[in-house]
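Asks: Below you will find the structure I want to go over with you.
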Amino acid sequence: MLGCDGEAPSPPPGPPAGRRAGPDQPQRLPTARIRVGQAPLVVEVADEEAEWQKGMMFRRRLADDEAMLFVFDREANLRFWMKNTPVDLDLAYIAADGTITQIERLTAHVLDPVYSREPVRFALEVPAGWFARHGVEVGTNVTIPPDVSRPAQP
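No gaps in the numbering here: position 101 of the sequence shown is 824 in my numbering, and each next residue is one more.
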């Protein structure tokens, strides 16, 4: 089960990027610039299992431009939950070609998993309501730099 399973934004509270956080601390990961439809967004990049599992856990508040992109080696059916995540989030499941296939609202602390309806390569968590405020919907394209998306594994 996974966690939670322009100008650059100000960094969220937590340890400096690239350093492991304590077990009850929010993690802070390296960032990348992506584009969600027409909206630029700086995201923390979770591309390792420990980072996927912790996700946005323990963050008590989020800035409107604070987001996390989960990058997987290949397309798979995914599931996310909100263990130890005290803020509501929106989640987009994204296919390998960058197309948003599903958008879901994740409610703080709810442990019921939210499954992708089809295999996807990426997941994007943003503050609740961000997609609506930026006109993002299913079918919107997400532009992810090649150095972030890394080649899919067979």
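Note that beta-carbon positions come from the ideal geometry of N, C-alpha and C, so glycine has one too.
1. By Cβ distance below 6 Å, which residues in the same chain neighbour Pro842 in space, the five residues on each side in sequence not counted?
2. So, Asp811 versus Arg828, is the Cβ gap smaller than 9 Å?
3. From Asp788 to Gly821, what distance separates their C-alpha atoms?
4. Taking the alpha carbon of Val765 as the point to measure from, which residue in Phe795, Glu848, Ala790, Thr863 has its own alpha carbon closest?
5. Going straight from the alpha carbon of Ala786 to that of Glu848, what length do you get?
6. Which residue marks the beginning of the alpha helix (DSSP H) containing Asp870, and which one marks its end?
7. I need the straight-line Cα distance from Phe854 to Asp813, nearest angstrom please.
8. Could you give the DSSP three-state label for Arg856: helix, strand or coil?
9. Would you report the Cα separation of Phe804 and Val837, rounded to the nearest angstrom?
10. If we require 4 or more residues per run, which alpha helix (DSSP H) segments fall completely within the segment 750-818?
11. By how many angstroms is the C-alpha of Arg751 removed from the C-alpha of Val833?
12. Can you say whether Cys727 is buried or exposed, counting buried as having 16 or more other CB atoms within 10 angstroms of its CB?
13. Can you tell me where the beta strand (DSSP E) with Gln825 in it begins and where it stops?
14. Within this structure, are the beta carbons of Ala846 and Ile867 separated by less than 9 Å?
15. Decide if Arg844 is buried, meaning its Cβ has at least 16 other Cβ atoms within 10 Å, or exposed.
Replies: According to the structure data:
1. Result list for Pro842: Glu798, Ala799, Asn800, in chain order.
2. Taking 9 Å as the cut-off, the beta carbon of Asp811 is found closer than this to the beta carbon of Arg828.
3. Looking at the two C-alpha atoms, the distance is approximately 20 Å.
4. When only C-alpha atoms are compared, the closest one is Ala790.
5. Between Ala786 and Glu848, the C-alpha separation is close to 12 Å.
6. 869-872 is the span of the alpha helix (DSSP H), which, as asked, contains Asp870.
7. Taking the straight line joining both Cα atoms gives about 7 Å.
8. The answer is helix: DSSP assigns Arg856 an H, G or I state.
9. Checking the sequence shown, residue 804 turns out to be Trp, not Phe. Taken atom to atom, the span from the alpha-carbon of Trp804 to that of Val837 is near 6 Å.
10. Along the segment 750-818, the alpha helix (DSSP H) occurs as fully enclosed runs of 4 or more residues at 772-777, listed in sequence order.
11. Taking the straight line joining both Cα atoms gives about 23 Å.
12. Note that Cys727 scores 47 on pLDDT, short of 50, meaning its location in the model is unreliable; the coordinates nonetheless yield the value given after this. With 16 or more other Cβ atoms within 10 Å, it is buried.
13. For Gln825, the enclosing beta strand (DSSP E) begins and ends at 823-829.
14. 9 Å or more divides the Cβ of Ala846 from the Cβ of Ile867.
15. That one is buried.
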